[in-house]
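*Asks:* Protein chains in written order, with the numbering used here: chain A, 39 to 355; chain B, 10 to 555; chain C, 62 to 391; chain D, 92 to 408.
The structure that follows is given in the form of structure tokens.
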Amino acid sequence: MRERITTAARGNTDLLGLLALLLVLLVAYQHYDPSLLSPASVTILSAQFLPLILAAAGQTTVMLLGGIDLSLGAVLGLAMAVFATYDARGAGGVMTAAALALCVAVAAGAVNGTLVAYAGLPPIVVTLAASFLWSGVTLVVLPQPGGHVPAGLVDAYNNGWYGIALPAAALALVLAVWKLLRTTRHGLALYAVGGNEHGAYASGLHTRGVKIGGYALAGAFTGLAGIGLAVQTGSADPTIGTPYTLNSIAASVLGGISFFGGVGRMRGTVLGALVIGLLTNLLLFTGISPFYQLVIQGVILVAALALKTYVTREAAE
Amino acid sequence: MAPLLSVEQVSKSFAGNQVLKEVSFTVGPGEVLALVGENGAGKSTVLSLVTGLLTPDSGRVVHEGAPVPRAWSPHRARAAGIGSVHQELSLNPHQSVAENVFLGAWPSRRGLVRARDLAARARPLLERVGLDIDPRTRAGRLPLGRQQLVELAKALASEPRLLILDEATSALDEEQVGAVFRVVRELRDQGGSVIFVSHRMAELFAVSDRLTVLKDGAVTATRERERTDHDDIVRLMVGRELSDLFPEKGTGTAPEPLLRARDLTVPGACSSVDLDLAPGRVVGLGGLQGQGQREVLRALFGLARHTGRITLEGRPVRLSSPRDAIRHRVAYVPEDRKTEGVHTARSVRDNLALPSLRTLAPGSRLTTVSRTAETRLVAELTERLRIRAASPAQEARRLSGGNQQKVALAKWLPADPRVLLLAEPTRGIDIGTKREIYHLLRRLADEGLAVLVTSGDTMELVGLCDEVAVLYEGRVVDRLAGPALTEERLVRASVMGTATETDTEKDTEKDTEADEPSALLPQQVAQAIDDIDDGDRPEPGSVAHA
Amino acid sequence: NVESDSDTAKSGASASAAAAKDLKVGWSTIYLTPSWMQQTLKMLQADVDKLKSAGKVSTFKTFNANGDTSQQISQIRAMIQQKYDVILVDAGSSTALNPALEQAVAAGITVVAFDSLPTSKKVIRVGTDQKAWGSMMAEWLAGKLDGKGSVIAMNGPAGVAVSEDRWAGAETVFKKYPGIKIVSNVHSEYNLAPAAQSFASAYSAHPDIDGVFSQGGALSAAALQTLIKQDKKLVPITGENYNGFLKLWKSKQKEGFSSIATAQPNYLSVIALEAAVAKVEGVSVPQDITVPLPEITDDNLSEYVQTDQPDDSYPINDMPQSEIDKLIGK
Amino acid sequence: MSGLVAVSAAALRGSRAAWAFGVLALTWLAAILFADGFDSVSNFRYLVQTASFLGIVAVGQTLVVIMSGIDLSVSGVVALSAVVCAKVASGTGGGATGITAALALSALVGAVNAAGVVWLRVPPMVMTLATGTILAGALLVYTDGSPSSAAVPLLDSLANGRLLGVPWAFVLWLGITAVAGWLLHLSRTGRYAFALGAGESAARASGVPLGATAFTAYVSCALLAGVAGLVLLGFTGTSSLTMGNPYQLLSIASVVLGGTSILGGRGHLLGTVGGALLLTLLTALLTSWNLSEGVRQVVLGVLIIGLLLVYARERRT
Ligand SMILES: Nc1ncnc2c1ncn2[C@@H]1O[C@H](COP(=O)(O)OP(=O)(O)OP(=O)(O)O)[C@@H](O)[C@H]1O
Ligand SMILES: Nc1ncnc2c1ncn2[C@@H]1O[C@H](COP(=O)(O)OP(=O)(O)OP(=O)(O)O)[C@@H](O)[C@H]1O
Ligand SMILES: [Mg+2]
Ligand SMILES: [Mg+2]
């Protein structure tokens, strides 16, 4: 038993620091908000963090492939817009709307992936250009904030559903799916292509298919994030997605995902997103002047990353 | 009997540069074909046509009686029973050995790949190639030689009928080569075929049935092994006789050392290594794979953090970065050519000029680099080391491996180094070029350089060096010089990890005429190892490799 | 004690006589960087100071979401958890904050939105009529052009409610004048240089325009600057109380340049705060407080323009307390 | 100078930077033939004048991208320099002091970026993003929220004046390009930057001064962003905290459209000039057509992707 624990710990050394940081944040948070661990708080917080966590999961998928997605925010907005406008037309219930939004996001991801895989364009460039494209499409779908999400759903999401924190449940589900996926051939192929693309190709892997699949999967995560955000806010807003691009990158990097692909785990990303979310919340509680909040956010991000690099470099030697 | 594979009249050009000219050869079932040729002769290119990495401009590849389809790809080739180890490693350093072995074809149950299952299935494959490692180790943590064996296991995982080994032994020590030969013979005995490429002549003769010689992209001859010999093949390859592979060794007593290292320790790799490098002397670092040879060199070049005292011309120096080392006129040709040795994506010209920028643009960093001087320098170096490039503007990655190696060495020459550190300087280099490099190194030494070489090739160390320090688990266990420097003693010290003083007399006696290396070396070595095996032999290579 | 239990605060509020005491006030704003917000913050702070010395407000905190609407949601939730009594909000999205704000209302917090408003009917909303803004400008321009001519429209960023509303207001007016043709509809950030660039592009495609409809001061300034720099005829341009524009307008008045401007007055924030306090005190504050749009014309321009102040400011006079009281139903 | 011309001509021949100019010429021709107003001299003049603001930032960005970095803090630095200069100039300092202070601070930001990337080993994207965030906060504190206006005569004539009918801003941009082109393509430091961009390990093992090179690139980039801020201050006569925002992603797009590899180690500075002009022209063209904003963005995105497909693909193997 102890052996298993130590093995598990060894496999996660890179995450221990992050976990410790998260604990510190939680303790500090508890100090400001003693009801932190009550079901209501858990519901509220998970509702708040779910979109970022999902967006970061999408970003992580792309980064594991050695790419980066600068169009994530735009695709998130697009999914949100499709979900809420379709639902507003009352044309077939929430499930259809969600399925449609998800399909659109997956398609957008697949288009990005196809451009990266077949055109030989660097991902950062493709997705930068695609960010114009997808936010344009979003504006065509939904020229200004609006749309509709059933009030019951919004309430259930934000305030719990028979005492169940729906967002937390959704998150658990997504993580379980990822874990399963990670152990399929597709999951392994994702890591293989990210770690050494040419090698994977020379060894007979359909690297292009894997890439397109990976980007599409990222699209799915992003789409879910968009739907989550729509349900959280009860509507859609074509410009609301933008900050998620950079926030998701920050969360992934903090979670130990390498910019060069092939390295990192989803649980790290989830921790990273939680740290970022909690940190911003904590800054709200401490009541630091809003002028300084930006400064502190930036400094903490750099400090955390520098510390992480330092620690892992020591460990690696 | 119908050949398993026949390559018929294939031609291939890259950007107008014709690399293959109507090349044809066949491999029958139960046959081992050796492809021989100088660097850049087109061996890897023609094999890429077979494995689906490239498509021929004209001609065709016929596999099992049928021409391969237009959409031939590595994927299809593997599915059709062609397994290959490419010249360039294709492992994913971040995944486990087991995951790498089954890359792309992970065995799964109900769609899920179980790690334990994977490891269990990988183990017999790893054993087959003579690897005793935990299949769950990350591939990137293994030393290069072991990675190459993992590649072999990966090729075997798809149970190929045709196995292509493109310099699959270049990073292996003798024992590991033995394991590869075992696999090759096994496969041949079961009716499979193997195409084998190597620049070590002895290996070729040890394992192949026929040899096909490529020169400048065309087949010059195909010979049965029985009907040919070393000199014949070399003549076909190089186009002339090659005498004296190794240069004359230095004479006289050792001069005052230029660089002295005392107590050199790199945590986790080597400890308390003492080395004296003197002008005019070529010193070798021997031993099995991964006994810390590489780290000693990296430490002396400021790339690995180390402790110990280093003095240059009697003055203590700190070498904490390559820039320090370069400033003290120490040069380093790394083992990992593609990431450290050359900039693969940059032109030959840029690569050659990079370490000499200070002389091309004297003054401050803002000084303009003189284009004419640069051109002259590049032309001179290309000429001096006979680097074969379409033009100086050709990207380094488009060069054959051997020519890349020459670039990695040539770029240091104008910097006028005093100490030259070379890790595996002739890995993947054809025999003609090898000879050139040996003679070049000796010439440089004669001009007053101190040279330190690591090599997995015992013959090379014996033939080239004035003195060899044998490392075992990071410690120097023996120093061989003069008449004591023989292959047997070197191998013995490497695998036993102790000095072999007791045998001195016997050895010197026996090896008086063994200066010319024999063509059947591997068998000899295997014999030597077997001899030692009878005694209690410590487990080699258990030193962690950072 | 108001802080300890929000439910008592609520019942206290609905019972008539309660006086506001030591209220904990928070303001969540989508941006703090634009000058308009800075000016708003200062005006708000001044009013807070006044209320503090009157013993009505104990603490006042500002939260800057820096353009991230999701963060604004977090801010509102944090304020709910910290049991604020009053939440003021300048919303980054007209819809996205609704659930959070309604949750705050349900928790007994007095929520007042101002400037950029959410659509929720449960919060008190203090604003100007953005559609009226658009139609006021459009009417003036149409009148100036005698109902016919080509016009370039300069709008704010696409997909933002304020910008879309102003344009919707203008569009209905322009529809009434078939002689007026919108030859180009430009969207731009409220940012001088890119706006100037966009305007110049549209203008060189249509150099014979008769007027410019602009729905923001920086956009108007960009358009006017471009005309001046290119030495072109100064056609009428609608504007806003952006000081940079007002200064240019004043300096070119002699050359026959004519404009109209209105303002999104900074005192919206003060009205919002006063409304919140009044609400807690039991006054029945109207749900929607529409503040009349000021009108800056060629005649009263000099009352507004402040030549000694930076361009990037929005001159406006304070609103008399009596008028505020009237608006909030005191 | 003649050396620079010769080298540039040689490098441009058959290169991707030449493509940028080819496409630019074609687009311009098409614009003149098929769109209204593009045949007028004043429009041309205005176009190159406004392209200069973006162009100056993009030249700096090129220096960083070539050595395989990226600078997302340029938007912050543009605002920083304009705000600081305006505040100093409108206060007691006067124009010259203002300009000096602005440029010094800009350079400082560049140094901080480089320090984070080189010493703390934070990935460039995250490091510069964080400095950008910190800058936004710091500027809020510094200005107390109200940035000043200032008429600095030197900047005014630099931004708005003309030399023989050519806008000074454009002349300045070309001058800067020449100096930066010499730095990048002729000097020793430039060679180091290319080497570093093509592969860090090989560069280190060849004795390239990694730190010094990175510092030069980041500091130059920030300095140029500072210059752009000053020119913008001259152009608009006022400073604001958000005035740099448009240049963050557009500068990267210009670099890429100019044929420089985003992965570093390959490209030409002149390409960036073409890229910035092309981007400005495309935006202007789209503005002059009466499209809805959504459609406009879709068209821009598709156009950029299309152009990149034509000449900016990364070759494999
Ligand atoms: N995923 C990959 N990774 C590495 N190399 C690849 C990959 N896919 C294809 N290649 C190599 O690139 C070569 C070109 O492939 P293919 O002709 O299908 O691409 P393409 O889209 O037509 O590109 P191009 O237009 O440049 O020829 C292939 O022969 C193969 O060697
Ligand atoms: N992708 C490419 N583009 C351009 N030229 C190439 C490319 N690949 C190989 N070449 C050229 O083709 C020639 C043959 O190369 P190849 O790698 O087949 O040689 P080789 O016989 O395998 O040599 P070595 O023994 O060094 O591995 C070389 O001159 C090389 O420069
Ligand atoms: Mg093709
Ligand atoms: Mg080869």
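Just so it is clear, CB atoms sit at the ideal spot from N, CA and C, and this is done for glycine as well.
Here the structure is a predicted model, which is why all the values come from computation and not from measurement.
#1: Excluding the 5 residues flanking Pro347(C) on each side, which residues of the same chain have their C-beta closer than 7 angstroms to its C-beta?
#2: Please list, in chain order, all residues of the same chain as Arg436(B) whose beta carbon is under 6 angstroms from its beta carbon, the five residues on each side excluded.
#3: Rank Ser379(D), Val390(D) and Val165(D) by C-alpha distance to the C-alpha of Ile243(C) and give the top, closest one.
#4: Can you round the beta-carbon distance between Thr120(C) and Val147(C) to whole angstroms, since I take them to be within the 8 angstroms contact cut?
#5: Given this structure, state the Cα-to-Cα distance separating Pro133(B) from Ala227(A), to the nearest angstrom.
#6: Measuring only from the beta carbon, is Asp175(B) closer than 7 angstroms to any heavy atom that is part of ligand 4?
#7: When the cut-off is 8 angstroms and only beta carbons count, does Asn101(B) lie next to chain A?
#8: Exposed or buried, what is Glu525(B) when buried is set at 16 or more other beta-carbons lying within 10 Å of its beta-carbon?
#9: For Thr88(A), collect the residues of the same chain with a Cβ closer than 7 angstroms to its Cβ; drop the 5 residues on either side in sequence, then sort them by chain order.
#10: Applying the criterion that 16 or more other CB atoms from any shown protein chain within 10 Å of the CB defines a buried residue, is Gln86(A) buried or exposed?
#11: Return the CA-CA distance between Val479(B) and Met468(B), expressed in angstroms with no decimal places.
#12: Under 8 angstroms, with one C-beta from each stretch per pair, do the stretch 327-338 of chain D and the stretch 368-383 of chain D reach the 3-pair mark?
#13: If you drop the 5 nearest sequence neighbours on each side, which residues of the same chain put their C-beta closer than 6 angstroms to that of Arg269(B)?
#14: Which residues bound the beta strand (DSSP E) around Lys242(C)?
#15: Taking 8 angstroms as the CB-CB cut-off, is Met97(A) touching chain C?
#16: Please state whether the Cβ-Cβ distance between Val212(A) and Leu92(A) is less than 8 angstroms.
#17: Using the rule of at least 16 other Cβ atoms within 10 Å of the residue's Cβ for burial, across every protein chain shown, is Lys28(C) buried or exposed?
#18: Is the beta carbon of Leu63(B) closer than 8 angstroms to that of Glu160(B)?
#19: So for Cys176(D), helix, strand or coil by DSSP?
#20: What's the gap between the Cα of Leu375(B) and the Cα of Arg303(B)?
#21: Taking the alpha-carbon positions, what's the Gln532(B) to Ala308(D) distance?
#22: Check whether the Cβ atoms of Asn159(C) and Ser181(C) sit closer than 8 angstroms, and answer yes or no.
#23: Could you name each continuous alpha helix (DSSP H) segment of 4 residues or more that falls completely within the stretch 27-93 of chain B, going from the start of the chain to the end?
#24: Can you find the residues in the same chain that come closer than 7 angstroms, C-beta to C-beta, to Arg107(D), ignoring five residues on each side of it along the sequence?
#25: Would you say the beta carbon of Gln157(B) comes nearer than 7 angstroms to a heavy atom of ligand 6?
#26: Please confirm whether Thr221(B) and Thr231(B) have their CB atoms less than 8 angstroms apart.
#27: Is the beta carbon of Cys279(B) less than 8 angstroms from the beta carbon of Val305(B)?
#28: Is Gly441(B) near ligand 4, with its Cβ less than 7 angstroms from a heavy atom?
#29: Ends of the beta strand (DSSP E) at Glu445(B)?
#30: If you draw a straight line from the alpha carbon of Met158(D) to that of Gly356(D), how long is it in whole angstroms?
#31: Can we count Gly226(B) as close to ligand 4, meaning its CB is less than 7 angstroms from some heavy atom?
#32: Using the beta-carbon count (16 or more within 10 Å), is Ala210(D) buried or exposed?
#33: Could you pull out every residue in the same chain whose Cβ sits closer than 8 angstroms to the Cβ of Val200(D), ignoring the five residues on either side in sequence?
#34: By the criterion of Cβ-Cβ separation under 7 angstroms, what are the contact partners of Thr140(B) in chain D?
#35: Arg87(B) touches chain A at which residues, Cβ-Cβ below 9 angstroms?
#36: Val387(B) to Val347(D), Cα distance in whole Å?
*Replies:* For this structure:
#1: Excluding residues within five positions, the ones whose Cβ falls inside 7 angstroms are Gly390.
#2: Ser179
#3: Ser379(D)
#4: Going by Cβ atoms, the distance from Thr120(C) to Val147(C) rounds to 10 angstroms, so no, they are not a contact pair.
#5: 23 angstroms
#6: yes
#7: yes
#8: Bear in mind that the predicted position of Glu525(B) carries a pLDDT of just 42, short of 50, making it too unreliable to give a figure here.
#9: A quick correction: the sequence has Leu, not Thr, at residue 88(A). Here the set comprises Pro205, Ala208, Leu209 and Gly266.
#10: When all chains shown are included, Gln86(A) counts as buried.
#11: 14 angstroms
#12: no
#13: Asp285 and Thr320
#14: Secondary structure note for Lys242(C): its beta strand (DSSP E) is the uninterrupted segment Ile241 to His248.
#15: Just to set this straight, residue 97(A) is Gln in the shown sequence, not Met. Chain C places no beta carbon closer than 8 angstroms to that of Gln97(A), leaving this residue out of the contacts.
#16: yes
#17: No information on residue 28(C) is available, as it lies outside the stretch 62 to 391 that chain C covers here.
#18: Going by C-beta atoms, Glu160(B) is not nearer than 8 angstroms to Leu63(B).
#19: helix
#20: 36 angstroms
#21: Any reading at Gln532(B) must be qualified, since the residue scores a pLDDT of 48, below 50, and its modelled position is unreliable; no value is offered.
#22: yes
#23: 52-60 and 83-88
#24: Only Gly350, Gly362, Tyr402 and Ala403 meet the Cβ criterion.
#25: Only ligand 1, ligand 2, ligand 3 and ligand 4 can be found as ligands here, which leaves ligand 6 out of the picture.
#26: yes
#27: yes
#28: Judged by the Cβ position, Gly441(B) fails to qualify as a neighbour of ligand 4 at the 7 angstroms threshold, every heavy atom of the ligand being at least this far.
#29: Counting along the chain, Glu445(B) falls outside any beta strand (DSSP E), though it belongs to the alpha helix (DSSP H) covering Ile440 to Asp455.
#30: 6 angstroms
#31: no
#32: It should be pointed out that residue 210(D) corresponds to Trp in this sequence rather than to Ala. Per the 10 Å Cβ criterion, exposed.
#33: Ser164, Gly167, Val168, Leu171, Thr222, Leu226 and Ala313
#34: It should be pointed out that residue 140(B) corresponds to Leu in this sequence rather than to Thr. Within 7 angstroms Cβ-Cβ: nothing; Leu140(B) doesn't reach chain D, min ~27 angstroms.
#35: Simply Ser241 and Gly242.
#36: 31 angstroms
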